[in-house]
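Peer 1:
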Amino acid sequence: MKLDLKEIAHGAEKKVKINKQVACKACSGKGAKSEADIATCPTCKGTGQVTRMTQTFLGTMQTASVCPTCNGDGKTITNPCSACSGSGLVKDAEEITFKIPAGVAQGMQLTIQGKGNAAKRGGVNGDLLVVIEEETHPELQRDGNDLIYSLFVSVPDAILGADAEIPSVDGKLKIKIEPGTQSGKILRLRGKGLPDVNGYGSGDLLVYIQVWTPKKLDKQEKELLEKLKSSQNFKPNPDKEERNFFDRMRKIFS
0 MKLDLKEIAH GAEKKVKINK QVACKACSGK GAKSEADIAT CPTCKGTGQV TRMTQTFLGT
60 MQTASVCPTC NGDGKTITNP CSACSGSGLV KDAEEITFKI PAGVAQGMQL TIQGKGNAAK
120 RGGVNGDLLV VIEEETHPEL QRDGNDLIYS LFVSVPDAIL GADAEIPSVD GKLKIKIEPG
180 TQSGKILRLR GKGLPDVNGY GSGDLLVYIQ VWTPKKLDKQ EKELLEKLKS SQNFKPNPDK
240 EERNFFDRMR KIFS
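According to numbering that gives the first Met the number 0, the sequence shown holds residues 0 to 253 in order.
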């Protein structure tokens, strides 16, 4: 079952149409044309099993196996239903609606009880197993319950500060880029990630800042940068926090 990130964040109600075995309507799943056509198996006397006595050097051993006459049903059909050929089951399509909880992940399996194939002779129906498949989001990357977004910022905006708009599972969010923001800085928006499937809160949205450096400059732009180059404010002087950037990255993504 394919789900996009928004469906995973909020949960979803899905409807699927599947082909499966259902009880034959003509015989109500009994496999016979009428009740009179169903008899107790003469081989196993209705137990569905046959026993065999075997002599070994340890003595007499008793083993039980499925009755070959009735295949374990305990009953035989003298006049089978023509619609299902005596099996009590026919193939049919059924539309099933079910709910998917918020916070599911790739490969997770949901069990929809009683919505699988019907069992013979009125037995307990099987279950429908739904395997979750996440669709790739064009901008957000999932890491557990956290979401990661890479935000490219221009050099002037990184120096002077700016307002930015970023995507989330609930639509666009506005954030503030502080003056002097360094490339590699990570902004953590708490609770803006995905909910835990077991209800233990929500993850965070991590905004990874990348300062974009232009590759081509015209003459005027180059002259301006040459003037700024000699300024002490443009000489690298990282503080302790910036020197430990890679240590912080390892902690966040490990």
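Every residue gets a Cβ at the ideal spot worked out from N, C-alpha and C, and that includes glycine.
Do Gly73 and Cys26 have their CB atoms nearer than 8 Å?
Peer 2: no
Peer 1: With DSSP as the reference, label Pro155 as helix, strand or coil.
Peer 2: helix
Peer 1: For Ile7, tell me which candidate among Ser201, Lys221, Val210, Cys80 has the shortest Cα-Cα distance.
Peer 2: Per the Cα distances, Ser201.
Peer 1: Would you mind working out which of Lys19, Asp169, Thr62 sits nearest Met52, comparing C-alpha positions?
Peer 2: Thr62
Peer 1: If we ignore side chains and look at the alpha-carbon of each, how far apart do Lys98 and Gly179 end up?
Peer 2: Approximately 47 Å, taken between the alpha carbons.
Peer 1: Counting along the chain, where does the alpha helix (DSSP H) carrying Leu224 start and finish?
Peer 2: 218-228
Peer 1: So the candidates are Cys40, Cys23, Thr39; which of them puts its Cα closest to the Cα of Lys32?
Peer 2: Cys23
Peer 1: Suppose contacts are defined by Cβ-Cβ distances below 8 Å. Is Leu127 in contact with Val21 by that definition?
Peer 2: Not in contact: Leu127 and Val21 (Cβ atoms no closer than 8 Å).
Peer 1: By how many angstroms is the C-alpha of Thr135 removed from the C-alpha of Val210?
Peer 2: 25 Å
Peer 1: Where in the stretch 9-65 do unbroken runs of the beta strand (DSSP E), each at least 3 residues long, occur, reported from the N-terminal end onward?
Peer 2: DSSP runs (the beta strand (DSSP E)) wholly in the stretch 9-65: 11-22, 37-39, 48-55, 58-65.
Peer 1: Can you have a look at Asp203 and say buried or exposed, based on whether 16 or more other CB atoms are within 10 angstroms of its CB?
Peer 2: buried
Peer 1: Using a Cβ distance threshold of 8 Å, determine whether the stretch 140-160 contacts the stretch 187-196, with at least three qualifying pairs required.
Peer 2: yes
Peer 1: Roughly how many angstroms lie between the CA atoms of Ala163 and Leu172, to the nearest whole one?
Peer 2: 8 Å
Peer 1: Could you tell me if Leu223 is buried or exposed, where buried requires 16 or more neighbouring beta carbons within 10 angstroms of its beta carbon?
Peer 2: exposed
Peer 1: What are the boundary residues of the beta strand (DSSP E) that includes Thr180?
Peer 2: Looking at the DSSP string, Thr180 is not in any beta strand (DSSP E), and its letter there is neither H nor E.
Peer 1: Please list the segments of the beta strand (DSSP E) lying wholly inside the stretch 57-140, counting only runs of 3 or more residues, in order along the chain.
Peer 2: 58-65, 74-76, 88-99, 108-111, 127-130
Peer 1: Write down the C-beta distance between Cys66 and Cys40 rounded to the nearest angstrom, noting that I regard them as a contact closer than 8 Å.
Peer 2: 6 Å
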